[in-house]
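**Student:** Protein chains in written order, with the working numbering: chain A, 10 to 236; chain B, 10 to 236.
Cβ atoms here follow ideal geometry from the backbone N, Cα and C, with glycine treated the same way.
What follows is a structure written as structure tokens; I'll ask about it next.
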């Protein structure tokens, strides 16, 4: 990790690296040892030149006629993304979404163990979700300090999102993943990513609309693809 | 909608349209009437030439020195994405995630009302979540047919994801949004989008790693940005 200088990678490339990583892990699971930039491009929905350019920031170049070595590329991307060690996260909000996220095996498995879940609702405090006991939101600073938490997850309704973000920042968190359908303001230097659960639905609706205008499909009927 | 021929829009552009839409709606809420491609590019983390190219597929071009009209652009993107009418969705899985999604105001508000929630667990059937009564998964075909549902949401654990997808396709659904941490196989012609809740965390961890290697911040301490 410290054996070479870190280069600045463009934000758009950083956003695509986790997508490549997911595809590569699926290839590795299927015992595929090599992959070409064309294959990765097709799987990832980008063009091959962009794949090669993105991966060149990792200092890696495919071999003509052979491609990239899948497992080594997984290692390189994980190292670049900082996934070679765990990043404990704290979740604000113990409602359905907070419970779903805490119980979602994917977080811990991918290197983001849930260090704590906090809420303001006295009826939720003390309950155990996803193996973690819910604590009062006032305990946020202690949780962040004792577990060296850098990333906070906002899983509260829209009206509580700004307060949750303010408390996370005050507790020392420097990155926030916001699931609330609200825009949050943070001081300079704090990273925020927003997960919009409806965004992917909008992409699907584009395809459904294309389908209905080109195929004139009968809505709701059993379609040929299911036969 | 039917007053002009539909062009094929590149998949990467389709994926960015909902992002622009979210930014534009935020601008509209803030009473901003015009936006330049440079502003949109900065907000969206892409370059301005790409914004202009993406929007040109909608048949829209900004006016030099004025930019794009925010509300008209919202209208155009919504029309292109098929958001000028509702797309009812059906959710498979009434666990925490299904409950969170059903109760998440964002779906209905964005044109994706929850037409039904189904589960296999007898203890969940009959309960009401997000205003919708949970029904048995065997009722999927009736729900899909009666409400003309085109989009299904998989909100079950990884082990049940393929079965859920098979049932949705058999019931007549043609697009699937998969929240399960598992790859699902579908017949040709069925659209699948996967939501990986850990993907955004991986982007944040990149920035946290960059921060720790460049700033040598002390993990967990109250950082300057919060002062």
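#1: For residue 163 of chain A, which three-state DSSP category applies?
#2: Could you pull the DSSP bridge partners for residue 78 of chain B from this structure?
#3: Rounded to a whole number of angstroms, what is the C-alpha to C-alpha distance between residue 24 of chain A and residue 161 of chain A?
#4: Report, in whole angstroms, the separation of the C-beta atoms of residue 77 of chain A and residue 68 of chain A, which I expect to be a contact under 8 angstroms.
#5: From the DSSP output, which residues share a beta bridge with residue 134 of chain A?
#6: Candidates B/100, B/170, B/57, B/42: which alpha carbon is nearest residue 83 of chain B's?
#7: Kindly indicate which three-state DSSP category residue 228 of chain B falls into: helix, strand or coil?
#8: Given residue 127 of chain A, which residues of its chain have a CB within under 6 angstroms of its CB, disregarding the five upstream and five downstream residues?
#9: Quick one: what does DSSP say residue 13 of chain A is sitting in, helix, strand or coil?
#10: So is residue 205 of chain B in contact with chain A if we call contact Cβ pairs under 8 angstroms?
#11: Can you have a look at residue 131 of chain A and say buried or exposed, based on whether 16 or more other CB atoms are within 10 angstroms of its CB?
#12: Can you check whether the CB of residue 169 of chain B is closer than 8 angstroms to the CB of residue 20 of chain A?
#13: State buried or exposed for residue 237 of chain B, treating a residue as buried only when at least 16 other CB atoms are found within 10 Å of its CB.
#14: Which of helix, strand or coil does DSSP assign to residue 93 of chain A?
#15: What residues of chain B sit near residue 100 of chain A, judged by a beta carbon separation below 7 angstroms?
#16: Report all residues from its chain with a CB closer than 6 angstroms to the CB of residue 50 of chain A; omit the five preceding and five following residues, and keep chain order.
#17: Under a CB-based cut-off of 8 angstroms, is residue 209 of chain B close to chain A?
#18: Excluding five sequence neighbours on each side, which residues of the same chain lie with their C-beta closer than 7 angstroms to the C-beta of residue 5 of chain A?
#19: Is residue 189 of chain B closer than 8 angstroms to residue 107 of chain B when the C-beta atoms are compared?
#20: Would you list, in chain order, the members of the region 60-72 of chain B that have their beta-carbon closer than 8 angstroms to a beta-carbon of chain A?
#21: Return the CA-CA distance between residue 195 of chain B and residue 174 of chain B, expressed in angstroms with no decimal places.
#22: Residues of the region 80-110 of chain B in Cβ contact with chain A at a cutoff of 8 angstroms, in chain order, please.
#23: Whose Cβ in chain A lies nearer than 7 angstroms to the Cβ of residue 213 of chain B?
#24: Go ahead and pull the three-state DSSP assignment for residue 119 of chain B.
#25: On a CA-only basis, which of B/52, B/85, B/182 is nearest residue 64 of chain B? Give me that one, please.
#26: Taking only beta-carbon positions, decide if residue 24 of chain A is within less than 8 angstroms of chain B.
#27: Does the Cβ-Cβ distance between residue 90 of chain A and residue 214 of chain B come in under 8 angstroms?
#28: So what's residue 83 of chain A in DSSP terms, helix, strand or just coil?
#29: Along the chain, which unbroken stretches of the beta strand (DSSP E) at least 3 residues long are found entirely within the region 173-210 of chain B?
#30: What would DSSP say about residue 124 of chain A, mapped onto helix, strand or coil?
#31: From B/211, B/113, B/115, pick the residue whose C-alpha is nearest to that of residue 30 of chain A; which is it?
#32: Can you tell me which of B/105, B/97, B/104, B/109 puts its alpha carbon nearest to the alpha carbon of residue 117 of chain B?
#33: Figure out for me which residue from A/99, A/48, A/62, A/220 has the closest Cα to the Cα of residue 154 of chain A.
#34: With 8 angstroms set as the bound, which would you pick, yes or no: does the beta-carbon of residue 190 of chain B sit closer than that to a beta-carbon of chain A?
#35: How about residue 182 of chain A and residue 159 of chain A: do their beta carbons lie closer than 8 angstroms?
#36: Taking only three categories from DSSP, how would you classify residue 29 of chain A?
**Tutor:** Let me lay it out:
#1: Position 154 of the first chain, counting from 1, holds the residue named residue 163 of chain A. Three-state DSSP puts residue 163 of chain A in a strand.
#2: In the second chain, counting from the first residue as 1, residue 78 of chain B sits at position 69. In DSSP, residue 78 of chain B forms a bridge with B/43.
#3: Here residue 24 of chain A corresponds to residue number 15 of the first chain, with the count starting at 1. Here residue 161 of chain A corresponds to residue number 152 of the first chain, with the count starting at 1. Those two C-alpha atoms are separated by around 19 angstroms.
#4: Working through the first chain from its first residue, we reach residue 77 of chain A at position 68. Working through the first chain from its first residue, we reach residue 68 of chain A at position 59. Contact doesn't hold; Cβ gap of about 12 angstroms is too wide.
#5: For this step, residue 134 of chain A is matched to residue 125 along the first chain. DSSP output for residue 134 of chain A lists no bridge partner at all.
#6: Here the question's residue 83 of chain B lines up with position 74 in the second chain. If we check each option's Cα against that of residue 83 of chain B, B/42 comes out closest.
#7: Indexing the second chain from 1 puts residue 228 of chain B at position 219. Confidence at residue 228 of chain B is low in this model, with a pLDDT of 44, below 50, so the placement of that residue should be treated as unreliable; the coordinate-derived value is given next. The answer is coil: DSSP assigns residue 228 of chain B none of H, G, I, E or B.
#8: The residue you call residue 127 of chain A lines up with position 118 of the first chain. Answer for residue 127 of chain A: 101, 144, 146, 149, listed in chain order.
#9: Numbered from its first residue, the first chain carries residue 13 of chain A at position 4. Here the model assigns residue 13 of chain A a pLDDT of 49, short of 50, so the residue's position is not dependable, and the following value carries that caveat. Residue 13 of chain A falls in the coil class under three-state DSSP.
#10: Taking the first residue of the second chain as 1, we reach residue 205 of chain B at position 196. It does; some Cβ of chain A falls within 8 angstroms.
#11: Position 122 of the first chain, counted from the start, is the residue given in the question as residue 131 of chain A. It counts as exposed.
#12: The residue labelled residue 20 of chain A in the question sits at position 11 within the first chain. The residue labelled residue 169 of chain B in the question sits at position 160 within the second chain. No, they are not a contact pair.
#13: Examination of residue 237 of chain B is not possible in this model, given that chain B is present from 10 through 236 alone.
#14: Mapped onto the first chain, residue 93 of chain A falls at position 84. The answer is coil: DSSP assigns residue 93 of chain A none of H, G, I, E or B.
#15: In the first chain, residue 100 of chain A corresponds to position 91, counting from 1. Within chain B, no residue comes near residue 100 of chain A; the closest Cβ sits about 12 angstroms away, beyond 7 angstroms.
#16: Here residue 50 of chain A is taken as the residue at index 41 of the first chain, counted from 1. Answer for residue 50 of chain A: 56, 57, 60, listed in chain order.
#17: Start at 1 with the first residue of the second chain, and residue 209 of chain B comes out as number 200. By this cut-off, residue 209 of chain B is an interface position.
#18: With chain A covering 10 to 236 only, the question about residue 5 of chain A has no answer from this structure.
#19: As a position in the second chain, residue 107 of chain B is number 98, starting the count at 1. As a position in the second chain, residue 189 of chain B is number 180, starting the count at 1. Result no, Cβ atoms of residue 107 of chain B and residue 189 of chain B do not sit closer than 8 angstroms.
#20: none
#21: Here residue 195 of chain B is taken as the residue at index 186 of the second chain, counted from 1. Here residue 174 of chain B is taken as the residue at index 165 of the second chain, counted from 1. The alpha-carbon atoms of residue 195 of chain B and residue 174 of chain B are separated by roughly 7 angstroms.
#22: 89, 90, 91, 92, 96, 98, 104, 105, 106, 108, 109, 110
#23: Along the second chain, one-based indexing puts residue 213 of chain B at 204. Residues of chain A passing the Cβ test: 160, 184, 186, 200, 202.
#24: Within the second chain, residue 119 of chain B is the residue found at index 110, counting from 1. It is coil, neither helix nor strand.
#25: The residue labelled residue 64 of chain B in the question sits at position 55 within the second chain. Looking at the Cα atoms, B/85 is the closest of the given residues.
#26: Within the first chain, numbered from 1, the residue matching residue 24 of chain A stands at position 15. Closer than 8 angstroms to some Cβ of chain B, the Cβ of residue 24 of chain A qualifies, so yes.
#27: On the first chain, position 81 is the one that residue 90 of chain A refers to. On the second chain, position 205 is the one that residue 214 of chain B refers to. Yes; because the gap between Cβ atoms is below 8 angstroms, this pair is in contact.
#28: Indexing the first chain from 1 puts residue 83 of chain A at position 74. Residue 83 of chain A falls in the helix class under three-state DSSP.
#29: 184-187, 200-203
#30: For the purposes of this step, residue 124 of chain A is taken as residue 115 along the first chain, with counting starting at 1. Strand, per DSSP.
#31: By one-based count along the first chain, residue 30 of chain A stands at place 21. Of the candidates B/211, B/113, B/115, the one whose C-alpha sits nearest the C-alpha of residue 30 of chain A is B/211.
#32: The count along the second chain starts at 1 and reaches residue 117 of chain B at position 108. The option with the nearest alpha carbon to residue 117 of chain B is B/97.
#33: If you number the first chain from 1, residue 154 of chain A lands on position 145. Comparing Cα positions, the closest option is A/99.
#34: Position 181 of the second chain, counted from the first residue, corresponds to residue 190 of chain B. Closer than 8 angstroms to some Cβ of chain A, the Cβ of residue 190 of chain B qualifies, so yes.
#35: The residue given as residue 182 of chain A occupies position 173 in the first chain. The residue given as residue 159 of chain A occupies position 150 in the first chain. Contact: yes.
#36: For this step, residue 29 of chain A is matched to residue 20 along the first chain. Three-state result, residue 29 of chain A: helix.
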